Structure formats: C-alpha cells, structure tokens
C-alpha cells in the first residue's frame, strides 16, 4: 500500500469540525496560489478522469475503522467525463459515482456546467440532475465511454429537462479556505505542490434526496480539493432536523481519491477514451478491467463490500 495520505484525528458535529493534520501533508500538496497556470486551465485539465479511494479504505480497515459510525470510509469511485473540449469559455463534465469497483452500483449521476468568472480568479460549477429517461438509458450502457453522445444529444434537444440542484453551486479558487479546507493544510501553507479548492457558494443546501431516501430533505455540506493526481471530496448529508448523518464521513475527513485514468475525446475516432495513470487501481473501473479472483482478493483486503458495513457491520457481512 502507498504511504498514508495523512494521519488525522478529529470530530465533526453538524456545523463544527476539528482536524489535526501533520505538516508532511502540506509539504506534499501545498497550494497553487503561486502557479502561473490559470485557474480555468487547471480545472479543465484536472476535473476529468477516474478516481478511487481504495487505498484510503485499506488504511481505515487496518485501524479497525468501518464506514459511517465507525469513522471510516466506503470504497467510492468517481468518473468525470469532459463532454466538450476546446477553448469554450463554458464547458460540461458528466460525473458518475459508484461503490466497491462496481459500475452497476451507480448511486449518483450528475452533469456539471463549468463557468469561469470574468476575472478568471474564480470558477463556478452548477450541478444538474439528468432526466429520468436519459439516466435509465445510461445505466443500460455498461461502457461509460459510450455515455457522452447520449448526454450531449439530450442536452441539445431539451436543456430544460435537466434540473439544477438548488443552492448547490460550488466555487473553485486557488486558495484554500482556512476553516472549510482545514483537512488539506496547516497554516502557514508551504507552497511546494499545487491544489485548487472549492466550497459551496451558499455554504450549504437543503434538497430532497433523489436516490438514497427519495423525497427526504437532506442538509448538504461539501468541500472539494483537487490536485493533479488526487481528488478529495468532503461531501456530507445530514438530517436537517436532528443533525444525524445520512451519508459521508462522520469525522469530517474527505474521501481521498487517487487518479486512476485521464479521460479525453479522440477527435479522429470521435470517441471518448481512457488512459490509465495508476495500474494498481485499474481494476476499480469494472469487470472488464480485472479477473474475478483479483476482485475478490481486493475486497477481502477491506473486509468485503464496504457499503454493507457500519459499526456492527462485520457480523452483518457473515450472514
């Protein structure tokens, strides 16, 4: 396994969280503030590809931390497919999320509309849900690289059928928020390697759940940090009345996802393709990228499918 991304202990209680982070972490990832590359270029280059947090989950289990109440994480995979590439001031990215290296267990599909500010010092991202009929057609296509054409056709035919999630827009900047991104660095930051960070424009949002508990209001809190080869997602969903967790890490530690691929459109073949960056995590992209034996061996390392676990989950898995 790789060296742990960070060693942190802390807590989160609805609105407050405290996390202690080793200085090594800041030295490794630093800040992009001094970079000559524009924020827009950075987002366009990095907000694409496959990412997976399998190594983080292995580290959790070595510490006997199970998901949710146990303080650990589920094994989550994120695929970001850039739909339109080039010099357009505004572009779109299709996002798909699933658990335990099983694309057939997709729990979230979103369309991201990315728009740089006039000053170019901020990049805004609006999040859309897909029309149910379109999402159903995507789920029947096992190869995610076949999805872009269907989504682009749907967007061009009827944009109004894509619904933006209210108050869920995020804002990317080169500077990390000292409170919301406390997981990423200690002050003062050492700018060795670059990162860009995002927060919710409205701080938080209350939306009706679409997939987890359909129709149930969920209070959403989210921070993001994106490096060239790492994508951290600190997404939590809480009951707006009781403050109880519905999803996300209970200690306020993000899902630390490593880049598996880069995804791009090949203009000669007019197809979207993957370029594997991390061979050790290629298996997380689905059955076409592994053997059954390889998958079973990797699942054994984390004690079995992670979404079935909680504080007493080890007994549940034996049933």
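Residue numbers (this note's numbering): 20 to 338.
Built from N, CA and C at the ideal position, the CB exists for glycine as well.
In this text the structure is predicted, and so the values were computed from the model without any measurement.
As a quick exercise: from the options, pick the residue whose alpha carbon is nearest that of residue i.
i: residue 171; options: 287, 85, 283, 130; result: 130
i: residue 239; options: 292, 215, 184, 143; result: 184
i: residue 314; options: 302, 321, 325, 322; result: 302
i: residue 126; options: 161, 82, 229; result: 229
i: residue 142; options: 174, 63, 296, 227; result: 63
i: residue 259; options: 224, 324, 276, 154; result: 224
i: residue 256; options: 249, 248, 265, 250; result: 265
i: residue 128; options: 286, 109, 150; result: 150
i: residue 110; options: 174, 159, 300, 117; result: 174
i: residue 61; options: 197, 180, 193, 233; result: 193
i: residue 108; options: 136, 96, 117; result: 136
If I measure Cβ to Cβ from residue i and keep anything under 7 Å in the same chain, skipping five residues before and after, which residues do I get?
i: residue 92; result: 72, 75, 76, 79, 86, 268, 274
i: residue 139; result: 57, 58, 59
i: residue 167; result: 100, 102, 113, 291
i: residue 304; result: 69, 279
i: residue 169; result: 153, 156, 157
i: residue 321; result: 76, 77, 80, 94
i: residue 186; result: 221, 224
i: residue 286; result: none
i: residue 43; result: At residue 43, the pLDDT of 28 sits below 50, so the modelled position is not reliable; the number obtained from the coordinates is stated separately. Here the set comprises nothing.
i: residue 160; result: 166
i: residue 325; result: 76, 86, 93, 94, 118, 119
Is the beta carbon of residue i less than 8 Å from the beta carbon of residue j?
i: residue 200; j: residue 216; result: yes
i: residue 293; j: residue 84; result: no
i: residue 202; j: residue 252; result: no
i: residue 214; j: residue 243; result: no
i: residue 147; j: residue 176; result: no
i: residue 94; j: residue 119; result: yes
i: residue 67; j: residue 282; result: yes
i: residue 249; j: residue 277; result: yes
Can you pull the DSSP bridge partners for residue i?
i: residue 277; result: 71, 249
i: residue 132; result: 111, 145
i: residue 116; result: 97, 127
i: residue 322; result: Beta-bridge pairing links residue 322 to no other residue.
i: residue 242; result: 218, 253
i: residue 293; result: 282
i: residue 91; result: 86
i: residue 227; result: 236
i: residue 182; result: 148
Exposed or buried, which one is residue i when buried takes at least 16 other CB atoms within 10 Å?
i: residue 88; result: exposed
i: residue 122; result: buried
i: residue 237; result: buried
i: residue 241; result: buried
i: residue 152; result: exposed
i: residue 261; result: exposed
i: residue 263; result: exposed
i: residue 81; result: exposed
i: residue 162; result: exposed
i: residue 289; result: exposed
i: residue 65; result: buried
Report all residues from its chain with a CB closer than 8 Å to the CB of residue i; omit the five preceding and five following residues, and keep chain order.
i: residue 144; result: 131, 132, 133, 134, 188, 189, 190, 191, 217
i: residue 331; result: Because residue 331 carries a pLDDT of 44, less than 50, the predicted location of this residue cannot be relied on, and the following value inherits that uncertainty. Cβ within range, chain order: n/a, list empty.
i: residue 316; result: none
i: residue 308; result: 301, 302
Apart from the five residues on each side of it in sequence, which residues of its chain come closer than 6 Å, Cβ to Cβ, to residue i?
i: residue 47; result: Legend: pLDDT at residue 47 = 35, less than 50; position of this residue unreliable, value from coordinates given subsequently. Closer than 6 Å at the Cβ level, and outside the excluded window around residue 47, lies no residue.
i: residue 254; result: 241, 267
i: residue 235; result: 228
i: residue 306; result: none
i: residue 14; result: In the structure as shown, the chain starts at 20 and stops at 338, and residue 14 therefore has no counterpart that could be examined.
i: residue 180; result: 150
i: residue 124; result: 117, 118
Indicate whether at least one CB of chain D lies closer than 8 Å to the CB of residue i.
i: residue 276; result: Any reference to chain D falls outside this structure, which holds one protein chain only.
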